[in-house]
Amino acid sequence: MSYYSNCLKVSDECPVSATPFGYAPSLPANATLLAIFCIVTIAQLIQGFRYQTWGFTATFILGSLCGVIGYAGRVMMASSPWSHVGFTLQNLFLTVGPLFFLNGVFLCYTNIIETYSITLSRINPATYPLISTSVILLPFILLTSGSLLQSTSAVGFTPPFYLSTGSNIVIAGLSFQLLSMICFGVLHADYKIQVRAYPEQLNAYAENTRASRRFMYFYIALPTTFLAVGISAIYRMAVLGQGWGMSFMKNEIGFICLEGITVAIAGYALSVVHPGYVFRPTEYINHKSAEMITDDKLEEAWN
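Set out below in structure tokens:
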């Protein structure tokens with residue numbers, strides 16, 4: 001693959017085949033994905049204000065905005081495959097965006113533990129927001145720095161060896177991301193075993209929530225988002241492992257299916273079945289709230 005820092009448009013001296021992807025991105029496909037992520041962003045914003053789920057809303061809006069910016073970059077490249085700005089935007093934001101969706105999944109785990117039983121969890125659910133943020137931080141730094149190195153090298157602004165260096169850093173970030181997902185999966189599997197083994201310790205105040213249809217849908221949407229993010233990470237590792245300019249990198253259909261659609265599904269799933277809708281304050285009561293209610297009733301009885 002050649003690198004032309006002075007190429008601004010397709011010409012005999014700057015053919016499409018010499019661009020980092022080797023093709024001009026499809027305008028209909030990428031514009032559709034851009035629209036989907038715009039819808040997810042708006043839906044999350046509306047539901048965030050409605051249900052006041054600020055932590056989850058913030059992380060999911062960041063993830064969907066990354067999709068908006070990233071696919072806006074690919075739309076720019078559809079009309080101008082040599083757009084350095086478009087390439088940098090899509091390469092950076094589409095790489096880090098799924099991390100925010102993954103963090104949203106981790107944050108939802110606190111609600112799941114409170115719905116079943118706090119006492120059966122090996123980790124205090126109150127610490128999950130801190131743990132999830134800490135776990136995501138290292139991959140975020142690696143993916144951001146690696147993507148920027150890739151972008152500057154691929155368009156010819158920095159030496160070519162920065163491209164392989166950036167790719168290795170991104171692969172390291174994706175590896176840490178997948179490792180955190182495996183650890184999360186093991187913790188969740190262990191917790192489900194505890195729940196089935198000790199049903200008498202389940203939170204009686206959240207029984208209606210557990211039995212609701214919306215909770216069942218949520219338990220479908222959550223792993224769907226989780227698996228979609230995982231597929232995206234594995235795909236990117238495969239592409240970068242094969243190398244720039246190779247068949248995986250030049251296959252836009254593979255990118256649209258294994259990156260674009262999967263991450264769109266991740267954002268869409270928890271926008272349709274929003275945790276604020278599932279864990280309603282008027283119906284969902286966690287252990288701490290139950291204790292407060294009990295204390296209030298005892299105080300009223302004494303008075």
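Position 232 of the sequence shown, counted from 1, bears residue number 232 in full-length UniProt numbering, the numbering being contiguous throughout. Positions of the beta carbon are idealized from the N, C-alpha and C atoms, including for glycine.
Span separating the alpha-carbon of residue i from that of residue j
{"i": "A78", "j": "L8", "result": "13 Å"}
{"i": "residue 325", "j": "G63", "result": "Outside the displayed range of the chain (1 to 303) lies residue 325, so it cannot be described from this structure."}
{"i": "Y51", "j": "A43", "result": "12 Å"}
{"i": "A204", "j": "I220", "result": "23 Å"}
{"i": "G67", "j": "Y116", "result": "33 Å"}
{"i": "A211", "j": "A197", "result": "18 Å"}
{"i": "A189", "j": "L130", "result": "21 Å"}
{"i": "L240", "j": "T165", "result": "11 Å"}
{"i": "I118", "j": "N168", "result": "40 Å"}
{"i": "Y217", "j": "P275", "result": "10 Å"}
{"i": "T127", "j": "T41", "result": "27 Å"}
{"i": "S151", "j": "N208", "result": "51 Å"}
{"i": "S153", "j": "S147", "result": "10 Å"}
{"i": "G267", "j": "T59", "result": "11 Å"}
{"i": "S132", "j": "L107", "result": "7 Å"}
{"i": "L163", "j": "A18", "result": "15 Å"}
Proximal residues to residue i (C-beta, below 6 Å), its chain only, five neighbours per side dropped
{"i": "R74", "result": "P25, N30, Q90"}
{"i": "L102", "result": "V229"}
{"i": "I256", "result": "A29"}
{"i": "T224", "result": "A269"}
{"i": "L142", "result": "I169, A172, G173"}
Residue i, buried or exposed, once every other Cβ within 10 Å from all chains shown has been counted against 16
{"i": "W302", "result": "Low confidence applies here, because W302 scores a pLDDT of 43, under 50, leaving its location unreliable and the question unanswered by this model."}
{"i": "N111", "result": "buried"}
{"i": "L179", "result": "exposed"}
{"i": "P159", "result": "exposed"}
{"i": "Q177", "result": "buried"}
{"i": "S134", "result": "exposed"}
{"i": "V16", "result": "exposed"}
{"i": "A35", "result": "exposed"}
{"i": "V186", "result": "exposed"}
{"i": "F157", "result": "exposed"}
{"i": "C183", "result": "exposed"}
{"i": "L137", "result": "exposed"}
{"i": "A238", "result": "exposed"}
Same chain only: Cβ atoms within 7 Å of residue i, ignoring 5 sequence neighbours per side
{"i": "E252", "result": "Y23, P25, S26"}
{"i": "L120", "result": "Y191, Q194, V195, Y198, Q201"}
Nearest neighbour of residue i, chosen from the options [CA to CA]
{"i": "P139", "options": "Y116, L174, L163", "result": "L174"}
{"i": "V195", "options": "F226, S164, E114", "result": "E114"}
{"i": "I69", "options": "F56, C38, Q47, W54", "result": "C38"}
{"i": "R213", "options": "V263, L137, V273", "result": "V273"}
{"i": "G245", "options": "F21, N6, C14, D12", "result": "F21"}
Residue i: CB within 7 Å of a non-hydrogen atom of the ligand SAH
{"i": "N203", "result": "Looking for the ligand SAH in the displayed structure turns up nothing, as the structure carries no ligands at all."}
Proximal residues to residue i (C-beta, below 8 Å), its chain only, five neighbours per side dropped
{"i": "L258", "result": "I231, S232, Y235"}
{"i": "Y277", "result": "Q47, Y51, R214"}
{"i": "G260", "result": "A29, N30, L33, Y71"}
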